[in-house]
Amino acid sequence: MGNVLDSPYIHLDRPPLSEAALSRALIRPGSLWRRISVVERTGSTNADLGVAVRQCAPEGTVLIAEAQFAGRGRLGRMWAAPSRSGLTFSFVLRPEVAPIKFGWLSLLAGLAAASAVGRLAEVDVRLKWPNDLLIGERKLAGVLAERVDNAVIIGIGLNVSVRREELPVDRATSLIIENAACLDRNELLQAVLGEIERRYRDWVACQGDADEGGLRAAYLASCATIGQEIRVELPGERLLTGIATGVDEAGHLLVRTEDGRHVLSAGEVVHVRRR
Ligand code: BT5
């Protein structure tokens, strides 16, 4: 993996993102998105926005990196992708909603990204609770939500033109591998941020109530985990096996096991696997 990802060469078939075009398309008076920055390379866009939030970065600040050398996943895991081969970006939200509802934000972002990419790229993207976007059984994208002070930083990594031999893990895929109808990262990012804005506004307007605005119903309709027999790995090598029955009002996964009902938050789940 190291050689490919560390290569200083940028493929000519991987054109750059345009900060100007994205800003023109997405920043309007009254829009959620306020400042959109594209940097060539950084450690982690989530980490950078963590610093920016402590310096009072406003809601709607977006940071996109053409390459990350320390991309973060959940629980200390990593996100790795060659330069310009996908979308790696983060944004700041400061929802005026009860913090108990914040668990919905990563689900909302995943749902919005899945539907925008599905529509534009004409691929069938399903969600795996809490934060994976899958095509079939393979991971196309991941979402990382982190709370910093009163803000939530959401980061998304999405594979666009990553070739099979460049993927860091076997059970992964990219839009090019799936013969997607659109590989234009500017268009994809614009569609994803547009859809996130729409869903987020509805959710805030309902004070984070996932039912009133139809968020829970839409999420459940796109979520491949619900109804499945699953094995959940919890910290300390604990295992839970049961059936995923739904998602509660805080965005937690409901699992029915032989000894009753369990409610799992994204923060405590190491892996969810199909049995
Ligand atoms: C995630 O974590 O899937 C969340 C990934 C979020 C990445 C974005 S990129 C922009 C922003 N800035 C950051 O620093 N992070 C966010 P998790 O569920 O823990 O999955 C991580 C696992 O996905 C790794 O352990 C690998 O197995 C796998 N993985 C890593 N890179 C991948 C890739 N390019 N495609 C598919 N799977 C990958």
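Read left to right, the sequence shown gives residues 832 to 1106 (the numbering used here). Using N, Cα and C, we set each Cβ at its ideal position, and we do this for glycine too. If you're wondering where the values come from, they're calculated on a predicted model, not measured in any experiment.
Asked	Found
Do D963 and ligand 1 come close, with the Cβ less than 8 Å from some heavy atom?	yes
Looking at I1027 and ligand 1, is the gap between the Cβ and the nearest heavy atom below 8 Å?	no
Determine the burial state of V923: buried for a count of at least 16 other Cβ atoms within 10 Å of its Cβ, exposed for fewer.	buried
DSSP three-state call for G874: helix, strand or coil?	coil
What does the Cβ neighbour count give for V1094, buried or exposed, with the cut at 16 atoms within 10 Å?	exposed
So, at 6 Å on beta carbons, what are the nonlocal neighbours of R1087 in its own chain, with the 5 sequence-adjacent residues on each side left out?	G1073, I1074 and T1076
Does the distance from the C-beta atom of I1061 to that of R1092 stay below 9 Å?	no
Using a threshold of 8 Å, is the CB atom of S875 nearer than that to any non-hydrogen atom of ligand 1?	yes
Could you check whether the Cβ of I987 sits closer than 8 Å to any heavy atom belonging to ligand 1?	yes
Rounded to the nearest angstrom, what separates Q899 and R1016 at their Cα positions?	16 Å
Among M909, A1022, I966 and L939, which one has its Cα closest to the Cα of L1033?	The sequence shown places Asp at residue 1033, rather than the Leu named in the question. It is L939 whose Cα lies nearest to the Cα of D1033.
Is V1103 helix, strand or coil by DSSP?	strand
Identify the residues that DSSP records as bridge partners of I987: which are they?	F920 and V974
Would you list the one or two residues that DSSP bridges to I1061?	G1073 and R1105
Report yes if the CB atom of L1110 is closer than 9 Å to the CB atom of E1099, and no otherwise.	Absent from the structure is residue 1110, since the part of the chain shown begins at 832 and ends at 1106.
Tell me the DSSP secondary structure of G1045 in three-state form.	coil
Near G833, what residues of its chain come up, given a Cβ to Cβ distance below 7 Å and the 5 sequence neighbours on each side ignored?	Model confidence at G833 stands at a pLDDT of 47, short of 50, so the residue's coordinates are unreliable and nothing is read from them.
Does the Cβ-Cβ distance between P889 and R915 come in under 9 Å?	no
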